[in-house]
Structures are given as C-alpha cells and as structure tokens.
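So the protein lines, in turn, are chains P and U.
Going by this note's numbering, the first sequence opens with residue 1, and the numbers climb by one from there.
Going by this note's numbering, the second sequence opens with residue 114, and the numbers climb by one from there.
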Amino acid sequence: AQSVAQPEDQVNVAEGNPLTVKCTYSVSGNPYLFWYVQYPNRGLQFLLKYITGDNLVKGSYGFEAEFNKSQTSFHLKKPSALVSDSALYFCAVRDRGGDKIIFGKGTRLHILP
Amino acid sequence: GAVVSQHPSRVICKSGTSVKIECRSLDFQATTMFWYRQFPKQSLMLMATSNEGSKATYEQGVEKDKFLINHASLTLSTLTVTSAHPEDSSFYICSASPGQGHTDTQYFGPGTRLTVL
Numbered sequence: 001a002q003s004v005a006q007p008e009d010q011v012n013v014a015e016g017n018p019l020t021v022k023c024t025y026s027v028s029g030n031p032y033l034f035w036y037v038q039y040p041n042r043g044l045q046f047l048l049k050y051i052t053g054d055n056l057v058k059g060s061y062g063f064e065a066e067f068n069k070s071q072t073s074f075h076l077k078k079p080s081a082l083v084s085d086s087a088l089y090f091c092a093v094r095d096r097g098g099d100k101i102i103f104g105k106g107t108r109l110h111i112l113p
Numbered sequence: 114g115a116v117v118s119q120h121p122s123r124v125i126c127k128s129g130t131s132v133k134i135e136c137r138s139l140d141f142q143a144t145t146m147f148w149y150r151q152f153p154k155q156s157l158m159l160m161a162t163s164n165e166g167s168k169a170t171y172e173q174g175v176e177k178d179k180f181l182i183n184h185a186s187l188t189l190s191t192l193t194v195t196s197a198h199p200e201d202s203s204f205y206i207c208s209a210s211p212g213q214g215h216t217d218t219q220y221f222g223p224g225t226r227l228t229v230l
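Pasting the structure below:
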C-alpha cells in the first residue's frame, strides 16, 4: 500500500533562512509526488509536482523540491523563508496506476520574524 | 486557471437535518472529482471519488447512504450529508482534475466547514 510520511509535526525557521520540510514515501514503482500548502480555514493550494525528468522541481512562491529515488524522499525547500510562508504543508503521492492521491499528515511551518 | 469553488463556505445545522455542499470547476471540465474530509490538525482523508454520469466510488468505512454524492455535469459535484450528527462536523474539501491523465494535478476547493449542533 502506498503511504506518505512527514516526520515533523512542526518546523520553525527564522525569516531569511533556508527552510526544508521533509517527506518520504512508500509506493510500488515510480510515483507522482506533490506538495500542497494550506492556509487557515482554506483549501489546499498546489505548489509543485514531480512526474519525471529533472529531480529538482521548481514551483510556486519560490519553493522547490528534490526527488531522491534511492532515499524515497521528496523534501520541500526554499532558499530564503518569508513570514508569509507560515502555513500547513502537505506532501502527497499518487501511483501511476490510479487516480487517488494519498496525503501525509502535514507539517506546520512557522517562520519567525 | 483551474479554479474550484465550493458552496457554502460555512454551514451550521441542527442534528438530524441534511446539508448539501456544492463543488464546481469554474474554468475547466472535470470528469472526476474527489471529496475529502479533514479533522482538526489532521490530514485529508479521501471519502469518495465522484465520476460524472455514474455512481461514486466510496472509500472503505465511508457510508454511501449517509454521504450522498451526485456528479450531474462535468463542472458540478454535490455532497449531501444526510441526517447529520455532531460527529459529522468537519471540514469538507473537494478537488478536481482538468484532464483524465494520471499526471494531471488535482485542484482543490476552498473547503466547507460543517458544524452540526
């Protein structure tokens, strides 16, 4: 069965510092991987996805994520954090044979001014 | 582009009543829409996959007679919570994909917060 793990419930980063939000996955074959962001009382906003090709994927708002097949990871990164990046971030996986997306439990990102 | 709306954004109802939530894809057609439920400080749990013109596919443990899904057109899916009880209070989110390919991104609605008194 496919699954997604986000090992950190919360990540605190000072504004201007680089940030990383971790994600590992378990799925047979090569998955499709996604990152979404959720602001309070709002739905999810798409940030980026990995389908194939370059392991480094660039997305919205300056975020990027690196697909590492050997470590089955897809960590979200940003070189310089903004206070407005504070939100709940979800990693998700979708196997190539289906249309269902499985979400991780989410990581709350706090950017400290 | 790829905007999904939900209505209402917030609803409060009495126990035993039914509540309908609408999910619309505003600028694209969606053969498939998805309904999720999110409890406070928890992840999204897929409830069902809504297919235009056919019956929805429910996830294990989701009561299909309680959570009625209708996907009458390529831009509208509805979720009706029948005989709602306080334990049904939650944040309900829908999503839709512009195409049928597996690489397509799912775009999410803003969510509907249901409170059952």
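C-beta atoms are modelled at their ideal positions from N, C-alpha and C, and glycine is treated no differently.
When the Cα atoms are used, S3 (chain P) and K105 (chain P) turn out to be separated by approximately 10 angstroms.
With respect to the C-alpha of G16 (chain P), the residue from P:S84, P:H75, P:T107 and P:K69 having the closest C-alpha is P:S84. Residue burial annotation: V117 (chain U) is buried, with at least 16 other C-beta atoms found within 10 angstroms of its C-beta. Burial check for H198 (chain U): the Cβ neighbour count within 10 Å stays below 16, so the residue is exposed. According to DSSP, F204 (chain U) shares a beta bridge with U:Q151 and U:R226. Taking 8 angstroms as the CB threshold, G106 (chain P) lines the interface with chain U.
Annotated as distal: T145 (chain U) and D95 (chain P), with beta-carbon spacing of 8 angstroms or more.
The distance from the Cβ of I111 (chain P) to that of V21 (chain P) is about 12 angstroms, inconsistent with a contact at the 8 angstroms cut-off. For N12 (chain P), DSSP records a beta bridge to P:H110.
Here S210 (chain U) is buried. Its C-beta has 16 or more other C-beta atoms within 10 Å. Taking 8 angstroms as the Cβ-Cβ cut-off, the region 34–68 of chain P approaches chain U at F34, Y36, N41, R42, G43, L44, Q45, F46, K49 and I51, given in chain order. Contact with chain P is absent for P153 (chain U), since none of that chain's Cβ atoms lies less than 8 angstroms from the residue's Cβ. Here P7 (chain P) is exposed, its C-beta having fewer than 16 other C-beta atoms within 10 Å.
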